[in-house]
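All remarks here apply to the structure that follows.
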Amino acid sequence: MYNFDITRPTTVDEAVAALSADEAQPLSGGQTLIPTLKQRLAMPSVLVSLTAIDEMKGITEGPGTLKVGGGTTHGDVAQATKGSFAGLHTLASKIGDPAVRARGTIGGSVANNDPAACYPSACMACAATIHTNTRDIAADDFFQGMFTTALDEGEIVTAVTLKVPEKSSYQKFEQPASRFPLVGVFVAKHADGVRVGVTGASNNGVFRWAEAEEALSSNFSPDAIEGLSVSAEDLMGDLHGSPEYRAHLIKVMTKRGVADAS
Amino acid sequence: MPKDTGIGASTKRREDLRYLTGKGRYTDDIRAYGECAAVFARSTVANGKIIGIDTSEAEKMPGVLAVFTGEDFVDVGGNPAGWLINSRNGEPMKEPKRPVLAHGKVRHVGDAYAAVIAETEEQARDAAEAIIADIEDLPAIVDMREALKDEALVHDEIGTNQCFDWGWIEDNRAATDEAIKNAHHVTTLELVNNRLVPNAMEPRCSIGSYNPATDDYVLQTTSQNPHLTRLLISAFVMGIPENKLTVIAPDVGGGFGSKIYHYGEEALVLAAAKKLGRTVKWTADRSEAFLTDAHGRDHVTKIELAMDKDGNFLAFRTETMANVGAYLSNFSTATPTFLHGTLMAGNYTVPLVYVNVKTVFTNTAPVDAYRGAGRPEATYSLERVIDKAAREIGRDPIELRRQNFIKPDQYPYASAAGLEYDAGNYDALMDKMEEVADFAGFDARVKESDAKGLWRGRGVNAYIEACGIAPSNLVGQLGSRVGLYDAATVRVNATGNLSVMVGAHSHGQGHETVFPQVVGEMLGIDPASIDIVHGDTSKIPFGMGTYGSRSLAVCGSAVVRATEKIIAKAKKIAAHMLEASEGDIELKDGNFTVAGTDKSVGFGEVALKAYIPHNFPIEDIEPGLEETAFYDPANFTYPSGAYCCEVEVDPETGKVRVDRMTAVDDFGNVINPMIVTGQVHGGLAQGIGQALLENTHYNADGQLETASYMDYAMPLAEDLPMYHVDHSQGTPCTHNPLGVKGCGEAGAIGSPPTVVNAVVDALQRGGKNVTHVDMPVSPHNVWKAMQSA
Ligand SMILES: Cc1cc2nc3c(=O)[nH]c(=O)nc-3n(C[C@H](O)[C@H](O)[C@H](O)COP(=O)(O)OP(=O)(O)OC[C@H]3O[C@@H](n4cnc5c(N)ncnc54)[C@H](O)[C@@H]3O)c2cc1C
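Read top to bottom, the protein sequences are chains A and B.
For the first sequence, the working numbering gives the first residue as 273, with consecutive numbering after it.
For the second sequence, the working numbering gives the first residue as -4, with consecutive numbering after it.
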């Protein structure tokens, strides 16, 4: 690590002020940022820890919605959604290991927008709204490609509101080494239609599989997408899976998600 | 009734108390007064010409004490390979110098070309980044086939990328070719034995210190064999006399082979300690471990099996390219040759074996022995081709093996690959395996898997390995530059407790528990009063350390011999004390008794007498009770086994789940069944890891793409089944005093072919005509195999 200063504000306003310093960067669970610092791949001058900001923590139910504070850990999300929101519960409880889930946060995950992160698929499939200190952004507009989001410099993700589906399922096909998704598919059946969020697969980051959504909206069964196929074009290829393999897995995981949704 | 103490008892491992409660003392835990830190500047290119290294900025940085480059070590000898191998044409192998720091050229990503010593590690790291290295990027030599074209060279001075071209047994070459030409059926298989990163939990760490008043050096380091490291540094690399260098390997957090070898970092911290008069410490980070620890395996092999019309094996012939990486690591030339070619007859009565191995320099990290070292490569090739052959000629894979097994009445058996097996019973192992693996329930399990939409497959195999390396005379003839005996000193203290100094190093094997079980049983005393001392060249006799499953078979035999000497001398003392003749003294339950009488003295009284020798037969025997023995075995030991694996393959995704794993091993006599079971478990985890998950990938530019756990897949508990382990079918080794064979590597040797055989079986049952999938049988590789079948 290179040297840095650290501050631990207790309100969003203080955090925003602290982030106006040159080369300042927010730090949440540190489950992505700390390894990066250890490898000397980042050189912030000030880390603004968001972990002492109570207003960014916790989960509140609204009419048909779930609002998750940006500083809420994966472990807390897993706990709170048990038995009530199947897809999100599976997603949060399968991130990393207990230590990662005790530290990592939803805000850090969506702000980072790793092309293999789990949460962005849920945000897409559950028509999420990303709340920041200045505005609300629809998930469809928020995620803008690998490690790229609509966030401005110094802008903080304060919460994420998800539409709670009638049924949902998250299917994570793990990359054998990192155990991040090689392909992760979030299937959500809402009253007004089905949404399918796909992560891990595309060179452009998380996306919605439009054809499957359409087919499933009229017939929510695995058979409905039997005839569809995903193009391998623009999908990622690496040691762990070719674009063709990922394309194949998207379909398999979507079918399994539909069969499993509850 | 299982015993609760001594030989055969599952005594709990006494070392675990400190390992599990954080009270172990690893090299990096050691803090010295005035300690400073070393950090290495490492190449980011695979192959490059060093034009110049400008350290002037770095030297001015805060806290910096010294900067070293390859220039500082040009006059220092190279780190040698331990075995001299000759090519088929009689030429000795090519042995380019392995420097302490790269000089002239960098030859792999991670090759160190400079080192900074500073007050703190962070300062040293900052300064290392300030070194300006002018390195001309040259094309990387990565693929072995390409390398052998010699269009670009890893080492210009040797004029080729081939280290040697070895034939075994060369005299059988023509006969083997002939047998294959005329055979009724020949099965051919091309396969890759995937390259592995050892991934010891504890990264390497070395601390050098120097006392200018006495000219004494101390090296504390993560080593499996401190005496070998001292010998290499003294005799080859730095010329420090052995009496002026102490090497200490304290608790070591896993080695798996990678900590057998001497590495340049050890020489550097010693040189820096002398120059600065300070204690200098270097600790690798995980990235350095990936880039610079000696890797394992990396063979590309074509194997042929010739059979007659009845399925009798007539010949095995293999052609192998073995990667040695950029420099010859200490065992790198023995691993693909004598630890591999000599095992290529397996458990079989095959009359002819011919093995050709070309070892190849590439711009990758050095490759050397890793748990099993050569024998896993041999077993994998043999047991995969036999499985394929059985399918081709429509025979049951177990029956075909049994037909060709060496039978119990054939020992000692001279194998076609040049070894003399002393004992074994492979049919008994197979019988037991079929029972433990519940063959009877297999069909029902296939149906259960079917119902879940999964394809179940079963793979079996047999293996034999050579361990307890080994007889110095034999290995000397085969090219070893060192002897391979081991040594022990048994010191009976005046108050009757014992310190046993051993040449083997314990880093998870459990010696601190097992050796006292042996000594305690022999003396009839409580093992709790016996302690093992190891890992410090100033305290222990000259031993060869721990690798090749040799600790109990070789060092344990030395312990037995030294204890026998203790008993002989103690009997003399007891005879004097009891006023009896020495021949009448019997040792039983810790008491020396005059045969046929009730006159006796306890072991403790004899010990006290030895150190307080009033009224002592000083003309006949010396005071004290301490004996040393060196033990050089007559042969290797030959553990063998029969393994079985059941997998479920997901036909939609290609994902393989290992559902059942059975390991039935013949380790000869077993001293501590629980520890043996633990060793097998660990070996199985690494073998299944190799088969399912692990892979080391360099891209065409020589960049290691699997340089972290984000891309290098390690087995997790959830990937592994509950194991079925049995070692009830032991046939004792005939030539060592305990009749033991060695169990440390078996699991890693026997399991990879079992897993792959099972996967091929599952795919065949699912209707896919797949005859081979290279390891790792990852979802992607299995899916690709299904696509093209
Ligand atoms: C072993 C391991 C396994 C993992 N497995 C998975 C997995 O399977 N699936 C998965 O999705 N993830 C996985 N992760 C990543 C984990 O979910 C991280 O916690 C998450 O991606 C980042 O969240 P964080 O709170 O730790 O953020 P940090 O590491 O603290 O920050 C990440 C980035 O986001 C910025 N940031 C943080 N919080 C905010 C905010 N509120 N507003 C704006 N910017 C912010 C930081 O400046 C930084 O750039 C794994 C991590 C580890 C270590």
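Where a beta carbon is used, it is the ideal one built from N, C-alpha and C, also for glycine.
field: Through-space distance from Val111(B) to Val137(B), alpha-carbon basis
entry: Roughly 30 Å between the two C-alpha positions.
message: Nearest by alpha-carbon distance to Leu338(B): which of Asp382(B), Lys353(B) and Glu415(B) is it?
response: Closest in alpha carbon position to Leu338(B), among Asp382(B), Lys353(B) and Glu415(B), is Glu415(B).
query: Closer than 5 Å from C-beta to any heavy atom of ligand 1: which residues, in chain order?
result: Of all residues, those with a beta-carbon under 5 Å from at least one heavy atom of ligand 1 are Gln297(A), Pro298(A), Leu299(A), Ser300(A), Gly301(A), Gly302(A), Gln303(A), Thr304(A), Leu305(A), Gly342(A), Ile367(A), Gly368(A), Val372(A), Gly376(A), Thr377(A), Gly379(A), Gly380(A), Ser381(A), Ala383(A), Asn384(A), Ala389(A), Cys390(A), Ile428(A), Val429(A) and Phe452(A), reported in chain order.
query: In three-state terms, what does DSSP make of Gln759(B)?
result: It is helical.
field: Residue range of the alpha helix (DSSP H) that includes Asn456(B)
entry: Membership of Asn456(B) in any alpha helix (DSSP H) is not indicated; the residue belongs instead to the beta strand (DSSP E) covering Trp450 to Ile459.
query: Hey, out of Trp78(B), Leu573(B) and Thr623(B), whose CA is closest to Glu600(B)'s CA?
result: Measuring from the Cα of Glu600(B), the nearest candidate turns out to be Leu573(B).
query: For Gln297(A), which of helix, strand or coil comes out of DSSP?
result: If DSSP states are grouped into helix, strand and coil, Gln297(A) belongs with the strands.
Nearest neighbour of Asp293(B), chosen from Gly272(B), Asn189(B), Pro371(B) and Glu387(B) [CA to CA]: Selection Gly272(B), Asn189(B), Pro371(B) and Glu387(B) evaluated against Asp293(B) yields Asn189(B) as nearest (Cα-Cα).
task: Measure the C-alpha to C-alpha separation of Ala195(B) and Lys604(B) and round it to an integer number of angstroms.
output: So the alpha carbons of these two residues sit roughly 47 Å apart.
task: Return the chain-ordered list of same chain residues with a C-beta closer than 7 Å to the C-beta of Gly77(B), the five sequence neighbours on each side being excluded.
output: The beta carbon of Gly77(B) lies closer than 7 Å to those of Asn325, Phe326, Ala329, Ser475, Arg476 and Val477 in the same chain, with the five residues before and after it left out.
query: How about Gln416(A) and Ala410(A): are their beta carbons less than 8 Å apart?
result: It is not a contact, given that the beta carbons lie outside the stated cut-off.
task: Tell me Val487(B)'s beta-bridge partners as DSSP assigns them.
output: Leu493(B), per the DSSP bridge assignment.
query: Residues in its own chain within less than 7 Å of Thr406(A) by CB, not counting five upstream and five downstream?
result: Once the five neighbours on either side are set aside, the close Cβ partners of Thr406(A) are Glu427.
query: Can you find a C-beta in chain A that's less than 8 Å from the C-beta of Leu699(B)?
result: Proximity of Leu699(B) to chain A, defined by a Cβ-Cβ separation below 8 Å, is not satisfied.
Runs of alpha helix (DSSP H) wholly within the region 666 to 748 of chain B (minimum 4 residues, chain order): Listed in chain order, the complete alpha helix (DSSP H) runs (minimum 4 residues) inside the region 666 to 748 of chain B are 668 to 687.
message: Rounded to the nearest angstrom, what separates Tyr322(B) and Val232(B) at their Cα positions?
response: Within the model, the alpha-carbon separation for Tyr322(B) versus Val232(B) is close to 15 Å.
message: I want to know whether the region 290 to 298 of chain A touches the region 328 to 340 of chain A - three or more CB-CB distances under 8 Å.
response: No, the region 290 to 298 of chain A is not in contact with the region 328 to 340 of chain A.
Host alpha helix (DSSP H) of Trp778(B) (start-end): Looking at the DSSP string, the run of the alpha helix (DSSP H) that includes Trp778(B) is Pro774 to Gln782.
query: Smallest Cα separation from Met273(A): which of Lys527(A), Ser317(A), Phe357(A) and Val432(A)?
result: Met273(A) has its Cα closest to that of Ser317(A), out of Lys527(A), Ser317(A), Phe357(A) and Val432(A).
- request: Determine the closest residue to Ser393(A) out of Phe452(A), Val372(A), Gly347(A) and Leu313(A), with distance taken between C-alpha atoms.
  value: Answer by Cα proximity: Phe452(A).
query: What residues in its chain sit with their C-beta under 6 Å from that of Pro403(B), if we drop five residues either side in the sequence?
result: Counting only Cβ-Cβ distances below 6 Å, and skipping sequence neighbours, we find Asn420.
message: I need the straight-line Cα distance from Gln215(B) to Leu758(B), nearest angstrom please.
response: Across the structure, Gln215(B) and Leu758(B) are spaced so that their CA atoms are roughly 51 Å apart.
- prompt: Does DSSP put Arg370(B) in a helix, in a strand, or in coil?
  reply: Correct three-state label for Arg370(B): helix.
field: Reference Val149(B); option with closest CA among Asp106(B), Gly389(B) and Asn177(B)
entry: Comparing Cα-Cα distances from Val149(B) to each of Asp106(B), Gly389(B) and Asn177(B), the minimum goes to Asp106(B).
message: Can you tell me whether Ala289(A) is helix, strand or coil according to DSSP?
response: In the structure shown, Ala289(A) sits in a helix (DSSP, three-state: H, G or I).
query: Which two residues bound the contiguous alpha helix (DSSP H) that contains Tyr517(A)?
result: Where Tyr517(A) is concerned, the enclosing alpha helix (DSSP H) stretches over Pro515 to Asp532.
query: Skipping 5 residues on each side, what residues in its chain have a beta carbon closer than 7 Å to that of Thr657(B)?
result: The residues are Met428, Val431, Ala432, Tyr638, Cys639 and His719.
Contact residues within the region 334 to 347 of chain B, judged by C-beta distance below 9 Å to chain A: Identification of residues in the region 334 to 347 of chain B having a C-beta nearer than 9 Å to some C-beta of chain A yields an empty set.
- prompt: Run through DSSP, which three-state label would Asp404(B) get?
  reply: Residue state, collapsed to three classes: helix.
- request: Note down, in chain order, each residue of its chain lying with its Cβ closer than 6 Å to the Cβ of Val455(A), except the 5 sequence neighbours on either side.
  value: Cβ-Cβ distances below 6 Å link Val455(A) to Phe445, Gly472, Ala473, Arg518, Leu521, Ile522 and Met525 in the same chain, with the five nearest sequence neighbours on each side left out; the list follows chain order.
Classification of Leu12(B) by the beta-carbon crowding that lies within 10 angstroms, buried from 16 upward: Label assigned to Leu12(B): exposed.
task: Give every residue of the same chain whose Cβ lies closer than 7 Å to the Cβ of Thr345(A), excluding the five residues on either side of it in the sequence, and list them in chain order.
output: Only Gly301, Arg373, Ala374, Arg375, Gly376 and Thr377 meet the Cβ criterion.
query: Going straight from the alpha carbon of Arg655(B) to that of Asp714(B), what length do you get?
result: Each residue's Cα considered, the two are about 11 Å apart.
task: Pick helix, strand or coil for Cys395(A), following the three-state DSSP scheme.
output: Three-state result, Cys395(A): helix.
message: In the DSSP output, what is Asp49(B) paired with across the bridge?
response: Beta-bridge partners of Asp49(B) (DSSP): Ile127(B).
message: Can you tell me which residues form a DSSP beta bridge with Arg655(B)?
response: The partner list for Arg655(B) (beta bridge, DSSP) reads Glu641(B).
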